[in-house]
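Structure first, commentary second.
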Amino acid sequence: MLTYAVRRLLWLVPTLLAMALVTFLVMHATPGSPLDPVAEGANPLSPEAQKHLAAEYGLDRPLPEQFAIFVAKAVRGDFGRSFVYKTRTVREILASALPVSLMLGSMALAVALVGGLTLGVLAAVHHNRTWDYLSVSLATFGVAVPNFVLAVFLIVLFSFVVPLFPTGGWDSPRAWVLPTLTLALGPMGVIARFTRASMLEVIRADFTLTARAKGLGEAPVIFKHALKNASLPVVTLLGPMFAALGTGSFFVEAIFRVPGMGRFFVESMTGRDYPMIMGVVLTYGAFLAVMNLLVDLLYGVLDPRIRY
Amino acid sequence: MPTRPTTLWRDAARRLVRNRLAAAGGVVVLTLALVAVFADLLAPYPYTKTNFGRLAEGPSAAYPLGTDQLGRDLLSRMIHGARVSMLVGLGAQLIVVAIGVPIGALSGYVGGRVDLLLTRFVDVMYAFPRLLFVILVMSMLGAGLTNIFIAIGLTGWVGIARQTRAQVLALKEREFVAGARALGAGLGRILGRHILPNALTPIVVAVTFGIPEAIFTEAALSFIGVGINPPTPSWGQMVGEGQAYLRSAWHLCVFPSIAIAITMLAFTFLGDGLRDALDPKLK
Amino acid sequence: MMRPPIPDAQFDLLASRLAAIGQSRRDFLRVAAGLAALGAAGFNVRPASAAPRPAPGEKLAAEQHFRYGGGGFFQHDPSSHDFNKDLYCNGVPALFAGLMKFNADHQPVLYVAEKVTPNADGSVWTFQIRKDSRWSDGSPCTARDFEWSWKRQLDPATAAPYASFLYDIKNAEAFNKKQVTDPGQVGVRARNDWTLEVTLEGPRGYFPVLAAYLAALPAHRPSVEKHGDRWTEAANIVCNGPFVLETWEHNRVMVLRKNKHFFGARDVTLEKVTIPIIPVASGSLPYENNEVYLSPLQPADLRRLQGDPKTQKEVFRYPFPGTWYLIPQVTRPPFDDVRVRRAVAHAIDRENIVRVAQGFAVPAHSMIPPGFPGALDDPKIRALQRFDPKLALAQLKGTPYEGGRNWPKITLSMRDEALGAKPLAEAVQAVLLEHLNMKTELEVLEPRVFRERLWKQEHQFVWIRWFMDYPDPHNEYFDTFYGKKTTGKRQAWTNEAFDREVEAGRDTREPKKRLEHYRRAEEILQTDVGYIPVAWVVRYAAAKPWVRGLQKNRQGETVIDGNIYVDMLPHLYLVERT
């Protein structure tokens, strides 16, 4: 298993390289220039100023050379300086934004896991009865309501009708509650749905029936046998889910003013902030790859039939 | 034995109809599809017809769901929005399934070098942050419905490929597959007749979730300005634009949200029913 | 001391100077018209008014902690506070003090300079600097600091994007373009610690205007030399304005503290200012929840706040003259046919269209909003685009589109922005469909993509706005529609007769005749339908009742920080909440 893990990590290198290349090419093929001023509604810079800027950014070199320079620096963890936030490097920006998103994402995932597993198990155990319908409805609500609507709904409810939490910010634990809930509801629905689906399957499976036949009580059957086996598809979900939650959601972070990484998924692109785009893509890619590796390893632990 | 597939599907259909919730889900999905097709006949007003005297008004006799910021009938716009949303939801999922399932199944079942290669490819595609990549692709292609299909399809299939692979990996060690193999069944037969029907659960579930996700991705794109061009309405876009008005004109955002939620529920129940109906262990 | 007012030739120089710096040049030029009124000195010699004292009955709040933002203010983290390097850094201007500043009427007034003396022809300007001018670390902020800062901006090694702003200074352009390598030859020199002498390329009566603008703010040399581009981080920054940057948590919040070393500290009442970074998507939620005390408003919130008895008195309109209009691209069918363009002009139901802007627009019949020089209320011009669906359809007679048939695919392009831009565009689409059966697709483009295609005149049909920069018709006609412009031209439409009128307007001194030229220009522009006016911009903000000291301009309108006037914070004070 260790060799497997090491091999997977080694594979990360060409994966990231391929991602970098794809992003680099698509990014340069997109209309809109990074030499356009950042300020809204501005006229183009004079040709000389553009030349200055292009030289400063290194955009005056041929594309292959630019890519080579990027890779050479990126290997040392240097993604360059943001075109938009000029006082900081991409690394510094990500270093301050990622932990915020990570924290928000972890809290949201924890809420989603606890809520989702509970709902899913309840639904499966009470298949086609009230609890089932209730939890399926709740789970569906979570997935079906877009988080930017949910966010405003929660703000109106908990900042104005019942003034418990601020409308946004990240200064105190009180400010964490609403974004966490908003972010958690969707994944909770997904987890609940998957748990319910695979629980149902497992409950009907032979080994569960055997366990029952052996005279085990309902609770041990569900928790020891069924849930363990039913969690397999859920585990597959967790890696990418955490990568998505942990690197921030654009809408939730924008509405609740969370100083996380989510905004850069959109803003780096609209600002044609090349170093930032590369930084965001690669950070996300690396993060996701590690998450997936962990998931696959966990998979092996949970299901001994899988060999590496 | 040669007649089994037909019986399987016929059985499934019968069981599906008997499952009330699934049947209800199916009816809703069918209705939505019909609404999408016959939107022009069903809508009380043209979706572009404005009434500047009645902007963002709540529900009334003339406008059962109220009017939008331009005084257009919200109901008519939602009926037409069904078309775009169903197209985006189904169309994108079609692309997703068409690419994702074969790759995942092949990768999981064949294993070895093929698996390695495909997994690497999937890993690269998978590792892109979805929203950023969709925006990147849309910025390159330009706004429009077809481009939304392409952008969502291109970035969405990897999830299902991974799901399928994981499922196939687990299933191929099972006794009944080993049995089929021992009987000399070919790759296509084992995958298509034995493994995929059993791996269907997560795929169906993933698809039922993929549909609203595609609808929302479209909404997010419209929100950022690279989505569907007005005046063509889509639910996602309506929700996105109505969001700012939630406190002054709630209906703008609530009704399309309900439409999305109902669609989602319908697909969920239908998907569940399908799963149950297709499950060979349940007779 | 009596010299003639600034000659027109110099205004043209100013215009070309500003042409180089893009959008701000327009915002900036707003002041130019005011210059003539200021006479020979080129600036308002009355010193800036001290901070207003509480009116009778007002009781100063114990805690002078002001919070503002949202609704478009600081919606993104600033890219820096280094105005000296990039005047568009979106930083907090109140951190710095320039030689001069703009008052609420956009006139330059003295600030760090206590006296400004030009030579006889206005080609050499001497700034006497206040002896109590200090950096926030207590060290003196002298003429040498300004000399160094301006040369830093001009130094090609700095690569300041808008360095051309200072090209009026002798040898500045040559130095910036590496034709002169010795900074000693650049015409800015500290004669001693308190006297800055600026030698220009020639007579420039408007130089005080340049000296008052953001681009002329100083930078703290030791900090820049020690920290490079990071010198404006909260931990490093040393500044000379009314406030200092206490903390800057990126993408989160900035906290300013009153600068006790600021020479005007006595007149600054606020002790602490908190500026959270709030995206537009949050609307007025933070304001209503008392998380900020002053905020511009967006259309979705205005009516609700105005309708609520608790908040209606807090809402006020602030000046932001601008015009929404359509550009039918005359090089692209169907708009290559003037009859089609006329049909469109008559089909625009302005009264109804503006309703969708929820108060953020009023119907427009020409470029210049009412109340500004050159505004027209001419029945003849109104008739040119009077809303009349029958007349509109009649225009199509004889064209391939007669009866509203056979339209080609028409794409209306706009850039993505807030403030009701999109609903307005959709309303335009709706009336064109209703009255001309003209189906259009609205293409909402990313700003960068939109602009790239705009300058190449690639759009077929454009929904766009012009924000007035300075109250003079020259800005509304020359800077927008003049056919001989080589850069920044928005439309392919050109018209010899129009150009002649605009040139005549520029070259005429007699005000009545001048305005008549512009009236004729507008008439030609609308007869040939080079553009179609739709709506004038209106803007609103809200301030809590305990926020006092907002300044008013001569028209009696409350002003808030914008592009030119950035002097709001030092005037504010908070009273006890009741």
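Residue numbers (my numbering), protein chains in the order written: chain A, 1 to 308; chain B, 1001 to 1283; chain C, 2001 to 2578. Ideal Cβ placement from N, Cα and C applies to all residues, glycine included.
query                                                                                                                                : result
Whether C:Ile2381 touches C:Gly2374 by CB criterion (8 angstroms)                                                                    : no
Partner residues on chain B for C:Asn2352, Cβ-Cβ distance less than 7 angstroms                                                      : Phe1052
B:Tyr1245: contacting residues in chain C (beta-carbon distance under 7 angstroms)                                                   : Ala2300
Sub-8 angstroms separation of B:Tyr948 and B:Ser1085 beta-carbons                                                                    : This structure cannot speak to residue 948 of chain B, because chain B is shown only from 1001 to 1283.
Residues, ordered as in the chain, of the segment 227–238 of chain A that lie near chain B by beta-carbon distance below 8 angstroms : Leu232, Pro233, Thr236
A:Met199 beta carbon less than 8 angstroms from that of A:Gly120                                                                     : yes
Exposure of A:Val295, with buried meaning 16 or more beta-carbon neighbours within 10 Å                                              : buried
Pair within 8 angstroms by beta-carbon distance, B:Val1168 and B:Tyr1109                                                             : yes
C:Phe2066, enclosing beta strand (DSSP E) - first and last residue                                                                   : 2065–2067
Per-residue burial, A:Thr3 [other beta carbons within 10 Å of its own, 16 or more giving buried]                                     : exposed
Start and end residues, alpha helix (DSSP H) containing C:Ala2421                                                                    : 2421–2436
For C:Met2568, the three-state DSSP class (helix, strand or coil)                                                                    : coil
Within-8 angstroms CB hit, C:Glu2249 to chain A                                                                                      : yes
Contact under 8 angstroms by Cβ, B:Leu1131 with A:Phe265                                                                             : yes
Within chain B, partners of A:Phe256 - CB distance below 7 angstroms                                                                 : Under the 7 angstroms cutoff, chain B gives no residues; its nearest Cβ is about 14 angstroms from A:Phe256.
Neighbour-count burial assignment, A:Ile69, 16 or more Cβ in a 10 Å radius                                                           : exposed
Length of the line joining the Cα atoms of C:Gly2070 and A:Arg174                                                                    : 21 angstroms
Local Cβ density within 10 Å of A:Met261, reported as buried at 16 or more and exposed below that                                    : buried
is_contact[A:Leu45, chain C] using C-beta, thresh 8 angstroms                                                                        : yes
C:Val2559 - DSSP class collapsed to helix/strand/coil                                                                                : coil
For C:Leu2412 and C:Phe2461, the rounded distance between their alpha carbons                                                        : 5 angstroms
Short CB-CB distance (under 8 angstroms) between A:Tyr85 and chain C                                                                 : yes
Close beta carbons around A:Ile155, own chain, < 6 angstroms, minus the five adjacent residues each side                             : Thr167
Where B:Tyr1047 sits in the DSSP three-state scheme                                                                                  : coil
Proximity to C:Ala2061 [Cα-Cα], best of C:Gly2307, C:Ser2149, C:Thr2269, C:Trp2407                                                   : C:Thr2269
Closest Cα partner of C:Lys2085 within the set C:Thr2158, C:Val2253, C:Pro2473                                                       : C:Thr2158
Helix, strand or coil at C:Val2116 [DSSP, three-state]                                                                               : strand
Of the residues B:Met1238, B:Ala1062, B:Ile1228, B:Val1207, the one placed nearest B:Asn1147, counting alpha carbons only            : B:Ile1228
Buried versus exposed, by CB contacts within 10 Å (16 or more), C:Glu2446                                                            : buried
Supposed contact pair C:Gln2491 and C:Gly2530 - C-beta distance, whole angstroms, cut 8 angstroms                                    : 6 angstroms
Extent of the continuous alpha helix (DSSP H) to which A:Phe250 belongs                                                              : 250–255
Spatial neighbours of A:Leu288 in its chain, beta-carbon cut-off 6 angstroms, leaving aside the 5 residues before and after          : Ala243
Nearest-angstrom beta carbon gap, C:His2065 and C:Thr2274 [assumed within contact, 8 angstroms]                                      : 7 angstroms
First through last residue of the alpha helix (DSSP H) which encompasses A:Tyr4                                                      : 2–29
Distance between A:Leu164 and C:Asn2352 (C-alpha atoms, nearest Å)                                                                   : 42 angstroms
Cβ of B:Ala1143 within 8 angstroms of any chain C Cβ                                                                                 : yes
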